[in-house]
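Numbering (the numbering used here), first residue to last: 264 to 588.
These notes concern the structure reproduced below.
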Ligand code: MTE
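This is the structure in structure tokens:
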């Protein structure tokens with residue numbers, strides 16, 4: 264993303280889910296390691312696993328195509344043309360450098376207005392949640408787009424498990440904050456106030472289309488795409504889909520996100536895909552569907568809410584979307 268200030272249908276897992284698609288354990292941790300779980304989540308085993316998701320969970324998943332008739336972007340493109348500023352600002356920096364990030368083991372801190380707070384090994388946090396595949400469009404605010412088969416689960420399944428208080432109105436997420444493994448964070452010219460922070464209103468977070476992904480194209484997420492856990496909000500510009508989540512916070516106050524801080528007149532909190540509201544420096548009426556070339560620009564019209572208006576427009580009834588961009 265470019266910054267002006269810088270001068271230099273309900274989850275359709277309607278069928279009974281076979282046991283094999285539940286997240287399962289690859290190996291047991293030593294007693295010492297599992298004893299480090301600071302709080303146990305109700306209904307979850309105190310035993311935990313370490314490391315990336317067991318590859319066997321990716322077979323036999325329910326799959327729903329939310330971009331019918333549109334070809335999925337080749338994996339090669341989706342995993343080499345990335346925005347992950349923690350690793351640099353060029354599109355090929357994440358594919359080059361994100362392997363420097365340790366994703367095994369991974370823990371997520373849950374804080375704020377919820378019944379279940381603490382630091383949880385990822386496997387404990389998501390154990391037992393039902394995985395599915397969903398093909399969604401991803402529309403970047405820079406006016407390019409892709410179609411990606413994600414593997415994950417509805418965010419609301421995890422939120423329910425964490426028992427947010429009734430007064431919690433927002434949920435915020437933070438990316439891993441580890442400059443020693445993220446060379447973009449060490450760059451002096453960085454415009455982002457680290458760690459990368461994103462947030463959703465609670466009703467957006469609970470919407471059945473909002474997903475937490477652990478994989479794509481039938482396998483684990485590559486680091487450059489946000490391993491081991493990333494948000495996917497398909498009706499919003501791609502920067503809302505925060506990668507490599509290490510913190511989840513429930514709050515009653517709207518906090519400023521990283522991009523709002525970096526360019527408040529350019530990047531709003533809502534960031535719903537909206538062809539009628541241009542970015543101050545470029546049009547949002549069309550998009551380049553990747554992969555494209557100079558001679559085959561593959562330019563298509565951008566649709567309201569990225570084509571998901573029917574599913575999500577009621578969330579914004581009565582709101583002025585020019586003001587709340
Ligand atoms: N998450 C973090 N932590 N850091 C980032 O720089 N970039 C965002 C989003 N999530 C970003 C991030 C932007 S601008 C986009 S368009 C998408 O990730 C890109 O996701 P992809 O690389 O998997 O296509």
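Ideal Cβ placement from N, Cα and C applies to all residues, glycine included.
Owing to the predicted nature of the structure, the values given are computational and were not obtained by experimental measurement.
Handout entry: DSSP state of residue 447 mapped onto helix, strand, coil
Key = Counted from its first residue, the chain shown places residue 447 at position 184. It is helical.
Handout entry: Whether residue 582 touches residue 537 by CB criterion (8 Å)
Key = Translated into positions along the chain shown, residue 582 becomes position 319. Translated into positions along the chain shown, residue 537 becomes position 274. Contact flag unset, no.
Exercise for the section: Say yes only if the C-beta of residue 532 is nearer than 7 Å to one or more non-hydrogen atoms of ligand 2, and no if none qualify. Expected result: Among the ligands in the structure shown, ligand 2 does not appear; only ligand 1 can be found there.
Exercise for the section: Indicate, with yes or no, if ligand 1 has a heavy atom lying under 7 Å from the CB of residue 563. Expected result: Against the chain shown, residue 563 aligns to sequence position 300. No, the beta carbon of residue 563 sits no closer than 7 Å to any heavy atom of ligand 1.
Handout entry: Buried or exposed (CB count within 10 angstroms, at least 16 for buried), residue 522
Key = Taking the first residue of the chain shown as 1, we reach residue 522 at position 259. Its Cβ being crowded by 16 or more others within 10 Å, residue 522 is buried.
Handout entry: In DSSP terms, what residue 545 is bridged to
Key = Translated into the one-based positions of the chain shown, residue 545 becomes position 282. Answer by DSSP bridge pairing, in chain order: 542.
Handout entry: Cβ shell of residue 293 (< 7 Å), same chain only, five flanking positions each side left out
Key = As a first step, residue 293 is located in the chain shown; it is residue number 30 there, counting from the start. Here the model assigns residue 293 a pLDDT of 25, short of 50, so the residue's position is not dependable and the matter cannot be decided.
Practice task
Please check the pair residue 459 and residue 438, which I expect to be a contact at CB under 8 Å, by giving their CB distance rounded to whole angstroms.
Solution key: Reading the chain shown from its first residue, position 196 is the one you call residue 459. Reading the chain shown from its first residue, position 175 is the one you call residue 438. Contact flag correct, Cβ pair sits at about 4 Å.
Handout entry: Given residue 569 as reference, the closest of 400, 510, 461 and 494 once Cα atoms are compared
Key = Taking the chain shown and counting its residues from 1, the one referred to as residue 569 is at position 306. Among 400, 510, 461 and 494, the Cα nearest to that of residue 569 belongs to 400.
Exercise for the section: May I ask you to check if the CB of residue 518 is nearer than 7 Å to at least one heavy atom of ligand 1? Expected result: Your numbering for residue 518 matches position 255 in the chain shown. Residue 518: no, Cβ never under 7 Å from ligand 1.
Practice task
Could you please give the first and the last residue of the uninterrupted beta strand (DSSP E) stretch that includes residue 380?
Solution key: In the chain shown, the residue the question calls residue 380 occupies position 117. Unbroken run through residue 380: none, as it is neither H nor E.
Practice task
Would you kindly work out how many angstroms separate the C-alpha atoms of residue 464 and residue 504, rounded to a whole number?
Solution key: Looking up residue 464 in the chain shown gives position 201. Looking up residue 504 in the chain shown gives position 241. So the alpha carbons of these two residues sit roughly 14 Å apart.
Practice task
May I ask which residues mark the beginning and end of the alpha helix (DSSP H) holding residue 357?
Solution key: Here residue 357 is taken as the residue at index 94 of the chain shown, counted from 1. Its alpha helix (DSSP H) spans residues 356-360.
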